[in-house]
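Quick note on numbering: our numbering labels position 102 of the sequence shown as 102, and the sequence is numbered without any gaps.
Worksheet: one structure, shown below.
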Amino acid sequence: MTAFAPFERVQTIDSPINGVVQQWHVQEASKVKTGDLLLEMRDIDPQYRDRIESQRDNLSNRLSAKQEELKSYRLQQKSLIAARDAKIASAQFKRDVAQQKIRAASEAIVSAQATLDASVPQVYDCIILISWLFVMFTFVVFFV
């Protein structure tokens, strides 16, 4: 088809949505500036806007649900951290108690060793005394 008037020629433009040109706001070879409105398009599918809004609402609802899920996970994380910290504190307390018991037992061993060390000479003295008494008793029994 041949057309001499610019508005009579078929013109193809690329657009992210399917549609038809409803009105041109510029003519061929017009000077335009950034931001000038060139044309208005009309969607071929009259339900397109409703479907896009429905999808947007659905995505918005999914986003809200995921945000709530994230809040739940963060709360659960805080709870688990608090439980972990409580268990660590409890374990440290039990360790401290066990260390105190070890210190007390070590001191008792040292004390018992000191008592034993102090009593060994007395035992030897008793053994010597008993031996001496035995010798004396034997002497008395045999000679008297």
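Don't be surprised by glycine CBs; every beta carbon is placed ideally from N, CA and C.
Just so we're clear, the structure is a prediction, and the values are computed from it rather than from any experiment.
Given a length threshold of 3 residues, each whole run of the beta strand (DSSP E) inside the region 10-94 is given here in chain order: 19-24, 39-43. Taking a C-beta distance under 8 Å as the contact criterion, leucine 39 and valine 21 qualify as a contact pair. For the 8 Å CB-CB criterion, aspartate 43 and arginine 51 do not form a contact. Counting only the Cα atoms, leucine 70 lies some 15 Å from serine 60. Around leucine 37, the same chain offers His25 as residues with beta carbons nearer than 6 Å, after the five sequence neighbours per side are excluded. Contact between methionine 41 and serine 64 fails: their C-beta atoms lie close to 32 Å from each other, not under 8 Å.
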